[in-house]
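Residue numbers 1 to 91, in the UniProt record's numbering, belong to the letters of the sequence shown in order.
Ideal Cβ placement from N, Cα and C applies to all residues, glycine included.
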Amino acid sequence: MRISRDKVNKLAHTVADTLAEIPECDFLEDRNTIRQEARKALEKLLTEETKIDAAARQKIASQRKIILEGSQEWDILYRKYYNDEVKKLGL
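Given below as structure tokens:
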């Protein structure tokens with residue numbers, strides 16, 4: 001699932017605001033820099049998730065028999081291949 005840029009920015013604001021509320025957390029940079037770095041990290045994770053999803057779907061599509069998306073077999077294979085890809089990337 002693709003998340004809009006506005007939603008990623010909202011999440012980044014929430015991360016920065018939450019960190020600012022933690023007494024043990026001191027910023028070495030201003031809050032806007034923290035928010036921008038959080039946004040970059042979120043975008044990187046979402047990009048990786050898109051690649052993992054595509055790889056899992058490709059593996060299912062390359063099966064000899066046609067497996068319909070939404071079927072129990074497809075769901076089981078998707079979870080298996082998705083988890084395999086996550087492990088491969090070390091996430």
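At least three beta-carbon pairs within less than 8 Å, the region 36-43 to the region 7-19: Contact holds: three or more Cβ-Cβ distances are below 8 Å.
Under 7 Å between C-beta atoms of Ala-56 and Tyr-78: In this structure, the beta-carbon distance from Ala-56 to Tyr-78 falls below 7 Å.
Cut-off 7 Å between Cβ atoms - residues of its own chain near Arg-31, not counting five sequence neighbours on either side: Result list for Arg-31: Ala-16, Ala-20, in chain order.
Distance CB(Ile-52)-CB(Glu-85) smaller than 7 Å: In contact: Ile-52 and Glu-85 (Cβ atoms closer than 7 Å).
Pair within 7 Å by beta-carbon distance, Ile-66 and Trp-74: No, Cβ-Cβ distance for Ile-66 and Trp-74 is not below 7 Å.
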